[in-house]
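Asker:
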DNA sequence: TTCCTTCGTTATAAGTTCTAACACCGACTC
DNA sequence: GAGTCGGTGTTAGAACTTATAACGAAGGAA
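Have a look at this one:
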C-alpha cells in the first residue's frame with residue numbers, strides 16, 4: 001500500500017510533519033471535541049512555535065478538512081473490507097457501529113453538527129459516494145437510505161450522550177434496528 | 001401565559017435585557033451556528049460594551065444553557081399542543097419536523113454534536129422527560145424510542161446538509177418513516 | 001436625604017488565529 | 001567544492017475572543 005518514494009527528502013519530511021500534526025489534532029479532538037482544536041496547542045506539543053504550523057496547513061479549516069478527508073477515507077475502507085469479507089447488511093451495520101464507537105468524535109466530525117462556514121471539498125464528496133456505492137452492492141437504494149438514517153439516528157444520539165441514565169441498551173436497540181432493516 | 005408582575009422594576013429591566021440578549025444570540029446562532037456565538041458581538045449589537053453582558057450571564061456556557069433550556073421548553077410546548085390537538089403519532093412527527101425546520105440550528109443545538117465540556121443542568125433533563133412522557137401518551141416505550149431515533153436520523157442528516165444534491169425528497173422519506181412507525 | 005445595590009464603564013490579562021519580516025539551513029546547480 | 005535558492009522556523013504584531021478587576025454613576029429603599 002505504500003507508494004515507492006520517488007519523493008525528495010524535503011517532501012518526505014513535510015509529509016511526516018503533516019502526519020504528526022494530524023495525529024496531535026486527533027488527540028485533541030478525541031479529548032475535547034473539534035471546536036476545541038487549537039493550532040497553538042498543537043505547535044506547543046510538538047515543540048515549535050505557533051506560526052510554524054501554517055507552513056503545513058493554510059488555516060484551521062484546512063487542517064479540519066484534512067482530518068475529515070482522512071476520516072471519510074477510513075470509514076470507506078472499513079466499509080469496503082466489511083462488504084468484501086461478509087457482504088450482508090448486518091455485517092456492514094456492525095462495522096459501522098464498531099468504527100463509530102472506536103472514536104466518537106471522529107464520527108461526529110463527519111455526521112454531527114456541521115462547521116458553520118465549512119463546505120466539503122470535491123474529493124470528500126467523492127469518498128462519500130464510494131461509501132454509498134459500497135452500501136448499494138448489498139441493498140436496494142431505499143434500503144440503503146433507511147440503513148443510513150436509522151442507524152445514524154441511534155448512533156448519533158448514543159454518541160452525543162442522549163441515552164445516558166435511560167436504562168436500556170443502545171447495543172440491543174441497534175441490533176433490533178438492524179434486524180428490522182432486512183425484514184420490511 | 002404572562003405572570004402578573006409582582007417584581008421590582010430592577011427585576012423587570014433585568015429580565016427584559018436578558019431576553020434581548022438571548023434574542024440576539026439566537027440571531028447569531030441562526031446565521032453562523034452555536035460555535036460562532038460571540039458575547040462581544042452581541043454587546044456591540046446592543047450598543048453596550050462587552051463586559052456588561054457578564055452582569056446577566058456568568059459566562060458563555062451560561063448563556064448557551066439558557067438558550068438550550070428555552071429550546072427544550074419550546075419543543076415540549078409544541079409537542080404537548082400537538083398531542084392535545086390530535087394525539088396520534090403522525091401528528092407528533094409532523095409537529096417535530098415543522099419545529100426543526102423552522103430553526104435548524106436550534107434543533108442541532110439540542111440534538112447535534114454536544115458542546116465539549118457541557119453538562120446539561122437538572123431542569124433541562126426534567127423538560128426532556130416531559131417530552132418523553134408526552135410521547136408515551138400515544139406510543140409504547142419501544143415505539144417512542146424508534147420514533148425518536150428514526151426521525152432524528154432523517155432530520156439531523158437533512159439539517160446538516162447531507163442530502164444536498166442527492167435527488168430525493170427528505171419530506172417524502174420522512175413521511176414514509178412515519179408511516180412505518182405505525183405499521184410494525 | 002442617605003445609603004446601598006445594581007449596572008455600565010474602562011483597563012487588563014490570557015488566550016486564540018493568522019500575517020509579516022527576518023534568519024537559517026539544507027538541497028540542488030554549476 | 002562554492003553559490004544560489006527555496007523551504008522552514010523564528011519573533012513581532014494585529015485583530016480577535018472570553019473573562020476579571022476596579023471604578024463611577026444611577027436607581028430604589030430606608
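Residue numbers (UniProt numbering), protein chains in the order written: chain A, 1 to 184; chain H, 1 to 184.
Even for Gly, the Cβ is constructed at its ideal location relative to N, Cα and C.
1. For the pair the region 130 to 139 of chain A and the region 54 to 62 of chain A, tell me if three or more CB-CB distances fall below 8 Å.
2. Select from 170(A), 21(A), 156(A), 155(A) the residue whose C-alpha is nearest the C-alpha of residue 66(A).
3. Apply the 10 Å Cβ neighbour rule to residue 161(A) and answer buried if 16 or more other Cβ atoms are within range, or exposed otherwise.
4. Between 110(A), 102(A), 51(A), 91(A), which has its C-alpha nearest residue 157(H)'s C-alpha?
5. Name, please, each residue of chain A whose Cβ falls closer than 8 Å to the Cβ of residue 152(H).
6. Tell me the rounded alpha-carbon separation between residue 68(H) and residue 168(A).
7. Please identify, using Cβ separations under 9 Å, the residues of the UniProt domain "HTH tetR-type" (15 to 75) of chain H that lie next to chain A, in order along the chain.
8. Would you call residue 114(A) buried or exposed, if buried means 16 or more other Cβ atoms sit within 10 Å of its Cβ?
9. Show which residues of chain A have a CB atom less than 8 Å away from the CB atom of residue 136(H).
10. List, in chain order, every chain A residue whose beta-carbon is nearer than 7 Å to that of residue 108(H).
11. Does residue 173(A) come out as helix, strand or coil in the three-state DSSP assignment?
12. Mind pulling the chain H residues with CB within less than 9 Å of residue 173(A)?
13. Under 8 Å, with one C-beta from each stretch per pair, do the region 76 to 84 of chain H and the region 35 to 42 of chain H reach the 3-pair mark?
14. Which runs of the beta strand (DSSP E), 3 residues or longer, sit entirely within the UniProt domain "HTH tetR-type" (15 to 75) of chain H?
15. Look at the Cβ atom of residue 56(H), then the Cβ atom of residue 127(H), and state whether they are nearer than 9 Å.
16. Starting from the Cα of residue 125(H), find the closest Cα among 181(A), 174(A), 163(A) and give me that residue.
17. Apart from the five residues on each side of it in sequence, which residues of its chain come closer than 6 Å, Cβ to Cβ, to residue 179(A)?
18. With a threshold of 7 Å on Cβ separation, who are the neighbours of residue 105(A) within its own chain once the five nearest residues in sequence on each side are excluded?
19. Residue 116(A) lies in the alpha helix (DSSP H); which residues open and close that run?
20. Relative to the alpha-carbon of residue 145(H), which residue among 154(H), 98(H), 132(H) has its alpha-carbon at the smallest distance?
21. List, in order along the chain, the chain A residues whose C-beta lies closer than 9 Å to that of residue 160(H)?
22. At 4 residues or longer, and completely inside the region 115 to 144 of chain A: list those alpha helix (DSSP H) runs for me, N to C.
23. Ignore the nearest five residues each way along the sequence and tell me which others in residue 159(H)'s own chain have a CB closer than 7 Å to its CB.
24. Which of the three DSSP states, helix, strand or coil, is assigned to residue 4(H)?
25. Which term fits residue 82(H), buried or exposed, when burial requires 16 or more other beta carbons within 10 angstroms of its beta carbon?
26. Measuring alpha carbon to alpha carbon, tell me which residue in 18(A), 7(A), 142(A) is nearest residue 182(A).
Answerer: Let me lay it out:
1. Here the region 130 to 139 of chain A makes no contact with the region 54 to 62 of chain A; the two share fewer than three CB pairs at distances below 8 Å.
2. On the first chain, residue 66(A) is found 66 positions in, with the first residue counted as 1. If you compare the alpha carbons of 170(A), 21(A), 156(A), 155(A) with that of residue 66(A), the shortest gap goes to 21(A).
3. As a first step, residue 161(A) is located in the first chain; it is residue number 161 there, counting from the start. Residue environment: residue 161(A) is assigned as exposed (fewer than 16 neighbouring CB atoms within 10 Å of its CB, all protein chains considered).
4. The residue you call residue 157(H) lines up with position 157 of the second chain. For the options 110(A), 102(A), 51(A), 91(A), the alpha carbon positioned closest to that of residue 157(H) is the one of 110(A).
5. In the second chain, counting from the first residue as 1, residue 152(H) sits at position 152. Contact of residue 152(H) with chain A by beta-carbon distance below 8 Å involves 153, 156, 157.
6. Your numbering for residue 68(H) matches position 68 in the second chain. Your numbering for residue 168(A) matches position 168 in the first chain. Residue 68(H) and residue 168(A): Cα-Cα distance of roughly 25 Å.
7. Sequence-ordered contacts of the UniProt domain "HTH tetR-type" (15 to 75) of chain H with chain A read 31, 32, 33, 34, 35, 36 [C-beta pairs closer than 9 Å].
8. The sequence position of residue 114(A) within the first chain is 114, counting from 1. Result: buried.
9. Numbered from 1 along the second chain, position 136 holds the residue referred to as residue 136(H). Going along chain A, no residue has its Cβ under 8 Å from residue 136(H), so there is no contact; the nearest lies around 13 Å.
10. Within the second chain, the letter at position 108 stands for residue 108(H). Neighbours of residue 108(H) on chain A, chain order: 113.
11. The residue given as residue 173(A) occupies position 173 in the first chain. In the structure shown, the three-state DSSP call for residue 173(A) is helix.
12. For the purposes of this step, residue 173(A) is taken as residue 173 along the first chain, with counting starting at 1. Listed along the chain, the chain H residues whose CB falls inside 9 Å of the CB of residue 173(A) are 142, 145, 146, 149.
13. Judged by Cβ distances under 8 Å, the region 76 to 84 of chain H makes no contact with the region 35 to 42 of chain H, as fewer than three pairs qualify.
14. Segments of the beta strand (DSSP E) lying fully in the UniProt domain "HTH tetR-type" (15 to 75) of chain H: there are none.
15. Taking the second chain and counting its residues from 1, the one referred to as residue 56(H) is at position 56. Taking the second chain and counting its residues from 1, the one referred to as residue 127(H) is at position 127. No, the pair does not count as a contact, with Cβ atoms beyond the cut-off.
16. Looking up residue 125(H) in the second chain gives position 125. Closest by alpha carbon: 163(A).
17. Stepping through the first chain from its first residue, residue 179(A) is reached at position 179. Cβ within range, chain order: n/a, list empty.
18. On the first chain, position 105 is the one that residue 105(A) refers to. Here the set comprises 29, 30, 33, 34.
19. If you number the first chain from 1, residue 116(A) lands on position 116. No alpha helix (DSSP H) contains residue 116(A), which DSSP labels as neither H nor E.
20. Translated into positions along the second chain, residue 145(H) becomes position 145. Comparing Cα-Cα distances from residue 145(H) to each of 154(H), 98(H), 132(H), the minimum goes to 132(H).
21. Position 160 of the second chain, counted from the first residue, corresponds to residue 160(H). Neighbours of residue 160(H) on chain A, chain order: 111, 112, 113, 114.
22. Listed in chain order, the alpha helix (DSSP H) runs fully inside the region 115 to 144 of chain A are 122 to 136, counting runs of at least 4 residues.
23. Here residue 159(H) refers to the residue found at position 159 when the second chain is read from its first residue. Hits under 7 Å: 100, 104, 107, 108.
24. The residue labelled residue 4(H) in the question sits at position 4 within the second chain. With a pLDDT of 45 at residue 4(H), under the threshold of 50, the modelled position of this residue cannot be trusted; read the value that follows with caution. Correct three-state label for residue 4(H): coil.
25. Against the second chain, residue 82(H) aligns to sequence position 82. Answer is buried; the Cβ neighbour count reaches 16.
26. In the first chain, counting from the first residue as 1, residue 182(A) sits at position 182. Closest by alpha carbon: 142(A).
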